[in-house]
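J.: Questions regarding the structure given below will be posed in turn.
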Amino acid sequence: MNNKLTPNHSTIELSIAQERLRQATYSFNLALIATTVSFFIGLVGAGLILSNQVPEGTVAAASGLASSVCCISLAKDANDRLDKVLAEINDSEK
């Protein structure tokens with residue numbers, strides 16, 4: 207015999223929405239940190255280019271640009287997840 211209470215449907219939906227929100231928050235924070243690091247890598251690359259160390263500067267600037275693209279993608283994914291959670295909550299309230 208199982209004496210445990212089973213949670214209703216809305217409680218399960220709420221816990222799923224909270225977990226998605228938590229994951230989206232972590233993804234956004236990670237993207238923000240990675241963007242900051244990428245910005246500083248780009249600055250180092252620009253400094254190396256200006257100091258006539260072109261090959262090192264080019265590599266640093268290119269890696270900064272590549273990381274920026276990845277960070278923007280992570281932030282967009284986090285934002286899309288938040289939008290999805292909001293839409294699901296709004297649909298469940300109707």
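Count the sequence shown with the working numbering and you get residues 207 to 300, in order. Even for Gly, the Cβ is constructed at its ideal location relative to N, Cα and C. All figures in this text were calculated on a predicted structure; none of them were measured in a lab.
(1) Quick check: what's the CA-CA separation for E294 versus G251?
(2) Under three-state DSSP, which class holds H258?
(3) Going along the chain, which residues of its own chain have a beta-carbon closer than 6 angstroms to the beta-carbon of T241, five neighbours each way excluded?
(4) Using only the alpha-carbon positions, how far apart do A272 and S233 sit?
(5) List the whole-angstrom C-beta distance separating R287 from Q224, where the pair is believed to meet the contact cut-off of C-beta under 8 angstroms.
(6) When we look at the beta-carbon of A268 and count the other beta-carbons within 10 Å, is it buried (16 or more) or exposed?
(7) Tell me which residues share the same chain as I247 and place their Cβ nearer than 7 angstroms to its Cβ, disregarding the 5 neighbours each side in the sequence.
T.: Here's the rundown:
(1) Translated into the one-based positions of the sequence shown, residue 294 becomes position 88. Translated into the one-based positions of the sequence shown, residue 251 becomes position 45. One C-alpha to the other measures close to 44 angstroms.
(2) For the purposes of this step, residue 258 is identified with residue 52 of the sequence shown, where counting begins at 1. Just to set this straight, residue 258 is Asn in the shown sequence, not His. N258 falls in the coil class under three-state DSSP.
(3) Counting from one through the sequence shown, the residue named residue 241 turns up at place 35. Correct list, in chain order: C277.
(4) Translated into positions along the sequence shown, residue 272 becomes position 66. Translated into positions along the sequence shown, residue 233 becomes position 27. Cα-Cα distance, rounded: 18 angstroms.
(5) As a position in the sequence shown, residue 287 is number 81, starting the count at 1. As a position in the sequence shown, residue 224 is number 18, starting the count at 1. 12 angstroms between Cβ atoms; not a contact.
(6) As a working note, residue 268 is residue 62 in the sequence shown. Around the beta carbon of A268, fewer than 16 other beta carbons lie within 10 angstroms, which makes this residue exposed.
(7) Counted from its first residue, the sequence shown places residue 247 at position 41. So the qualifying residues of the chain are A266, S269, G270, S273.
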